[in-house]
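Shown next, in structure tokens, is the structure this report addresses.
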Amino acid sequence: MNREKIVSLQTLSWFLVGTFVVSVVAVLLGVVSIGGIELFQFLQIALLQAFGLSLAATASLFFFIRLVWRLHAIPMGISMIFFSIGIMLFVSVSVGSLYAFQYPMYVQSFGPGAGPGLPFKNVITFFKQLEQFENVSDIARDPNDVPPPTNVLTSDPEYKSALTMLDDMVTNGTLALVASSTPPDVDGAVRELHLETTEVLAEIAPGIVFNYWTFNSTVPGPFFRVREGDIVKVTIKNNESSLHHHNVDFHAATGPGGGGKVSVVAPGETKEFTFKALNPGLFVYHCAVPNMAVHMAHGMYGLILVEPKGGLPEVDKEFYVMQGELFTTGSIGRRGLQAFDAKKMMESVPTYVTFNGRPDGTVGKMKAEVGDRIRMYVGNGGVVHNSSFHVVGEIFDTVYPEASIGGAIFRNVQTTNVPAGGATIVEFTVDYPGTYVLVDHALMRTDRGAWGTIEVTGEADPTIFDGDFTEHNHEGHH
Ligand SMILES: [Cu+2]
Numbered sequence: 001m002n003r004e005k006i007v008s009l010q011t012l013s014w015f016l017v018g019t020f021v022v023s024v025v026a027v028l029l030g031v032v033s034i035g036g037i038e039l040f041q042f043l044q045i046a047l048l049q050a051f052g053l054s055l056a057a058t059a060s061l062f063f064f065i066r067l068v069w070r071l072h073a074i075p076m077g078i079s080m081i082f083f084s085i086g087i088m089l090f091v092s093v094s095v096g097s098l099y100a101f102q103y104p105m106y107v108q109s110f111g112p113g114a115g116p117g118l119p120f121k122n123v124i125t126f127f128k129q130l131e132q133f134e135n136v137s138d139i140a141r142d143p144n145d146v147p148p149p150t151n152v153l154t155s156d157p158e159y160k161s162a163l164t165m166l167d168d169m170v171t172n173g174t175l176a177l178v179a180s181s182t183p184p185d186v187d188g189a190v191r192e193l194h195l196e197t198t199e200v201l202a203e204i205a206p207g208i209v210f211n212y213w214t215f216n217s218t219v220p221g222p223f224f225r226v227r228e229g230d231i232v233k234v235t236i237k238n239n240e241s242s243l244h245h246h247n248v249d250f251h252a253a254t255g256p257g258g259g260g261k262v263s264v265v266a267p268g269e270t271k272e273f274t275f276k277a278l279n280p281g282l283f284v285y286h287c288a289v290p291n292m293a294v295h296m297a298h299g300m301y302g303l304i305l306v307e308p309k310g311g312l313p314e315v316d317k318e319f320y321v322m323q324g325e326l327f328t329t330g331s332i333g334r335r336g337l338q339a340f341d342a343k344k345m346m347e348s349v350p351t352y353v354t355f356n357g358r359p360d361g362t363v364g365k366m367k368a369e370v371g372d373r374i375r376m377y378v379g380n381g382g383v384v385h386n387s388s389f390h391v392v393g394e395i396f397d398t399v400y401p402e403a404s405i406g407g408a409i410f411r412n413v414q415t416t417n418v419p420a421g422g423a424t425i426v427e428f429t430v431d432y433p434g435t436y437v438l439v440d441h442a443l444m445r446t447d448r449g450a451w452g453t454i455e456v457t458g459e460a461d462p463t464i465f466d467g468d469f470t471e472h473n474h475e476g477h478h
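For what it's worth, our numbering labels the leading residue of the sequence shown as 1, then goes sequentially.
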């Protein structure tokens, strides 16, 4: 081995080490200059992984160069260069360059409107504006957050004063009997609904952060309640901090795009529109700005109940649960800031399936007493799976299939379908104390987060259920 060769080998090695060190510093400076320390903290796991991978790559390159040198096998090195060129050609020729400059790369869509991929510049903008996003401590909407029936809270001031007057008359004995809680139905009462679209940061689970897009900063958005024949006046505002346009499509509305066409709001903009609630039922509302699936898979969905004239039968408890899906770049349980993964969405493999925005979103929040009649308003934001909705240890004595009101009623149902972009209403009476677990009975999804609990307290009636509740180790791993 001659001296010149050894010198140039050393130079090459130092060059390799130098390149590695410079790249590490450049990446760190780049991250901090784009999104500050906050971005660095969010990305620390990914950065550590990238560091590990490039360390390994540098080391193997170091080894490889020395091997080639020792064996005096320059042609071997050249063949490796051609090997690399060949592989690159193979990968790039089939997908073309059109979708290479977006995130994720090469995701093409044949749907109407824009595809689910984002131009790289949007990704950079997101990182740059990271600190302006609101941090929401709990993204899950409380399942108890159901407004009372419309006849209790009529928006018409004349009805309110008339009801108060009648109530007073009953109290002071002027009037002996009056059904004060059910005013006659009015056609065309005006109901005002307020929506604010926001883009926020919140935890999917401890340490796992996602950029949710929401209606009123929870997932699902607020539960609205109107009555058949009402005039629904919708105000939609897009928060100034948003990076995207949003809108709302009410499945309860009859009109172009369910309101979607007239409600597209740029960041900071507010719009109004009205529709008449012609059909009773429980309806999904959602953002419909292209790419629609992308907006819904960030959390932009909710439910509106159009009560039939005369209302629904009275119950003791009403709960609001909505299934949804999250697609993150990291696999399930991976910590740190998780970017939305359009590729997983296109391939229909959600990372998380949720009840109310996150795994555990409804766990421990729904409570009832033995004897309570429960009604659950259950919706599904999709964007992939229908839900096989089931409450373990209960039977739905009444189901409004597909949330149809005025049509067939199903009796004594174990598991009911909640289509993506649809809903159901189930009713049952809790007869025995305990924790009742609600699931999507396509049970793989339970492990991805699709479950919740209703805790029932009260007297146990052994004629309904009896058994030995002593705990055993039944983990099943042995
Ligand atoms: Cu949107």
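All residues carry an ideal CB built from backbone N, CA and C; glycine is no exception.
Return no unless some Cβ of chain B is closer than 8 Å to the Cβ of residue i.
| i | result |
| --- | --- |
| Gly52 | No chain B appears in this structure, which consists of one protein chain only. |
How about residue i: is its Cβ closer than 7 Å to a heavy atom in ligand 1?
| i | result |
| --- | --- |
| Thr416 | no |
| Thr197 | yes |
| His246 | yes |
| Val264 | no |
| Met322 | no |
| Val289 | yes |
| Gly213 | For clarity, residue 213 is Trp in the given sequence; the question names Gly instead. Under cutoff, so the answer is yes. |
| His251 | no |
| Met300 | yes |
| His194 | no |
| His295 | yes |
Can you tell me which of the three DSSP states residue i falls into?
| i | result |
| --- | --- |
| His245 | coil |
| Ser180 | Its pLDDT being 41, under 50, Ser180 is placed unreliably in this model, and the coordinates cannot settle the point. |
| Val209 | strand |
| Thr362 | coil |
| Leu153 | Bear in mind that the predicted position of Leu153 carries a pLDDT of just 49, short of 50, making it too unreliable to give a figure here. |
| Arg66 | helix |
| Asn291 | coil |
| Val353 | strand |
| Gly493 | Residue 493 falls outside the range modelled here, since the chain spans only 1 to 478, and no answer is possible. |
| Asn122 | helix |
| Gly379 | strand |
| Gly257 | helix |
| Ile304 | strand |
| Tyr432 | coil |
| Gln479 | Lying before the first or after the last residue shown, residue 479 is absent from the chain, which here runs from 1 to 478. |
| Val391 | strand |
| Gln44 | helix |
| Ala73 | coil |
Based on the DSSP output, what are the partners of residue i in its beta bridges?
| i | result |
| --- | --- |
| Glu196 | Lys237 |
| Arg411 | Thr398 |
| Trp451 | Val439 |
| Glu272 | Thr235 |
| Arg427 | The amino acid at residue 427 is misidentified as Arg; the sequence shows Glu. BP columns for Glu427 point to Arg375 and Thr398. |
| Glu134 | Val200 |
| Phe340 | Thr328 |
Can you check which of these residues, the options, is closest to residue i by C-alpha distance?
| i | options | result |
| --- | --- | --- |
| Val418 | Leu48, Asp431, Val399 and Val363 | Val399 |
| Gly18 | Glu38, Gln49, Phe51 and Thr58 | Thr58 |
| Val136 | Thr214, Val430, Pro350 and Phe83 | Thr214 |
| Phe20 | Ala50, Val107 and Val31 | Ala50 |
| Thr254 | His244, Phe283, Ala266 and Asn238 | Phe283 |
| Val190 | Val226, Glu203 and Tyr212 | Val226 |
| Ala46 | Tyr352, Arg335 and Gln132 | Arg335 |
| Gly381 | Leu130, Met296, Glu240 and Gly467 | Met296 |
| Gln129 | Val107, Val200 and His194 | Val200 |
| Glu314 | Gln44, Ile78, Asn151 and Leu12 | Asn151 |
| Asn372 | Ile454, Ala293 and Lys365 | Residue identity check: residue 372 is Asp in the sequence provided, not Asn. Taking only the C-alpha atoms, the option nearest Asp372 is Ile454. |
| Thr11 | Phe40, Phe62, Leu55 and Leu438 | Phe62 |
| Glu347 | Leu29, Val107, Pro220 and Pro143 | Val107 |
| Val367 | Ile87, Phe327 and Gly434 | First, the amino acid is wrong: residue 367 is Lys here, not Val. Looking at the Cα atoms, Gly434 is the closest of the given residues. |
| Thr424 | Glu471, Phe465, Gln323 and Phe327 | Gln323 |
| Gly310 | Val209, Pro280 and Tyr320 | Pro280 |
| Thr457 | Val437, Asp447 and Asp431 | Asp431 |
| His385 | Leu438, Ala442, Glu427 and Val391 | Ala442 |
| Val378 | Ile74, Pro220, Gly52 and Glu134 | Pro220 |
| Gly207 | Pro147, Val264 and Gly330 | Gly330 |
| Asn290 | Val209, Ile464 and Ser109 | Strictly speaking, residue 290 in this sequence is Pro, with Asn absent from that position. Cα-wise, what sits closest to Pro290 is Ser109. |
| Lys344 | Glu307, Val294, His390 and Met300 | Val294 |
| Asp145 | Ile231, Leu43, Leu326 and Lys365 | Lys365 |
| Ala403 | Arg358, Pro359 and Pro308 | Pro308 |
Going by the C-beta, is residue i closer than 7 Å to any heavy atom of ligand 2?
| i | result |
| --- | --- |
| His390 | The model on display carries ligand 1 but not ligand 2. |
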